[in-house]
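When the letters of the sequence shown are read in order and numbered with the numbering used here, they come out as residues 1 to 163. We put the beta carbon where it would ideally sit given N, CA and C, even for glycine.
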Amino acid sequence: MPELTTVLQKIDEASGVAWLTFNRPEKKNAMSQKFMAELIAALKELAENDKIKCVVTTGSGDSYSSGLDLYDLRESWKRKRKFEHAGTTYEIVRLLRNMPQVTVAAVRGWCLGGGLALINGHDLCIAAESAKFGMPEVIRGSYGAVATSTLFHSGIPIKKAFY
Numbered sequence: 001m002p003e004l005t006t007v008l009q010k011i012d013e014a015s016g017v018a019w020l021t022f023n024r025p026e027k028k029n030a031m032s033q034k035f036m037a038e039l040i041a042a043l044k045e046l047a048e049n050d051k052i053k054c055v056v057t058t059g060s061g062d063s064y065s066s067g068l069d070l071y072d073l074r075e076s077w078k079r080k081r082k083f084e085h086a087g088t089t090y091e092i093v094r095l096l097r098n099m100p101q102v103t104v105a106a107v108r109g110w111c112l113g114g115g116l117a118l119i120n121g122h123d124l125c126i127a128a129e130s131a132k133f134g135m136p137e138v139i140r141g142s143y144g145a146v147a148t149s150t151l152f153h154s155g156i157p158i159k160k161a162f163y
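Encoded structure:
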């Protein structure tokens, strides 16, 4: 796997825990296309590792994730005349929900929009007192298809964890 720069991995096979740290603190860990591609690659690799029993995601700096990188979204539109983020965000949530490992989101600071979609895919979310959740896209008339609260109605996905 190529070196990841926007998603850092710390794998401790002895304890069975893998940490994925979102590494764009200067952008409050906003989700660019590069970030999402790296996160997908990391999740696929970890899903194949039988020694890992738990995958924890967290953000570097003072935020979990501020959601989609709107500057990156604008540049994507200029280049391709289409938005690809919704499908990619859905793919990440699908991968998280289908991981054979237990997935935990460790949230502190901002968790907005697409960041909310990410925690929606986890089995468990642990929030620090500093955690702030929101969907600012509704102010612009978007409903956040992948992060919408209607997806939370079924509760936390249940997985069997064998240790």
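Whole-angstrom C-beta distance between residue j and residue i, which should lie under 8 Å
i: G113; j: K132; result: In fact, because the Cβ distance is near 12 Å, the residues do not count as touching under 8 Å.
i: K44; j: G16; result: Wrong, their Cβ atoms sit about 18 Å apart, outside the cutoff.
i: L124; j: V104; result: 5 Å
i: Q9; j: A37; result: Not really, about 14 Å apart at Cβ, beyond 8 Å.
i: I40; j: E91; result: 6 Å
i: S60; j: N98; result: With 8 Å as the limit, S60 and N98 do not qualify as a contact, their Cβ atoms being about 26 Å apart.
Three-state class that DSSP yields for residue i in the structure shown
i: L8; result: strand
i: A37; result: helix
i: A117; result: helix
i: R74; result: helix
Sub-8 Å separation of residue i and residue j beta-carbons
i: K53; j: Q101; result: yes
i: N29; j: Y71; result: no
i: T57; j: L20; result: yes
i: G121; j: G67; result: no
i: L46; j: A18; result: yes
i: M31; j: D69; result: yes
Per DSSP, the bridge partner or partners of residue i
i: T103; result: V55
i: G134; result: L112
i: W19; result: K10, V56
i: I126; result: A106
i: L96; result: Paired residues: none, contrary to the question.
i: L68; result: M31
- Item | 3 or more residues per run - each beta strand (DSSP E) lying fully within the stretch 39 to 66 | 54 to 59, 63 to 65
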